[in-house]
Amino acid sequence: MQKKVNYSGFQRDKVIRLFLKEHCKYKGLVHERIPASGTLGFFKNKIDHFSYRNYGHYISKMNHYGAIRAQELYEKRMQVTIYHVMIKPAARFFIHYVIRLGFLDGFTGFLVAKTQAYGELTRYIKLWLLNKKTH
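Just so we're aligned: 40 in my numbering is position 35 of the sequence shown, and the numbers increase by one with no gaps anywhere.
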């Protein structure tokens, strides 16, 4: 997206940058975490973290993560309701654009909020398709 996002909810991520492999392992398929045994230290200054090369890459990751999450929900036998396709995407937009102050990022903040809402919607469409395939 080529523009620094100062709001929209992305600025809060604390990413573990340096660790000994003997003491830490990646956990999770989406939003991987590194559970660490022992004390964590943090840099005083921020290090830029560019999660996406461009908007196409952002959409691609949303689709990829949505498919993984849909599969996880499918394995838990979750059913899709009107709530999942109407309310959750709208709520996701509201959270990123209003609550997390995405509007202060201008059009980029709008795109972030809209894309997050899109990701929420596609997750449940993918789940609905998985459920439909088995019936």
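For each residue, glycine too, the CB sits at the ideal point set by N, CA and C.
Exclusion of the five residues before and after K93 leaves E125 as the residues of its chain whose Cβ lies within less than 6 Å of its Cβ. Per DSSP, A41 lies in no alpha helix (DSSP H) segment and is marked neither H nor E.
Contact annotation: V10 and T113 have beta-carbon atoms nearer than 8 Å. Burial check for F15: the Cβ neighbour count within 10 Å reaches 16 or more, so the residue is buried. Cβ contact annotation for F108 (same chain, cutoff 7 Å, sequence separation greater than five): Y102 and G114, in chain order. Judged by their CB atoms, F98 and Q121 are nearer to each other than the 8 Å cut-off.
In its chain, beyond the 5 residues on either side, G71, R74 and A75 have a beta carbon closer than 7 Å to the beta carbon of R128. Between H54 and the set K8, H69, G111 and I64, the nearest pair of CA atoms involves K8. I64 and K131 have their C-alpha atoms roughly 15 Å apart. In this structure L135 is in contact with Y79, their Cβ atoms being roughly 4 Å apart against a cut-off of 8 Å.
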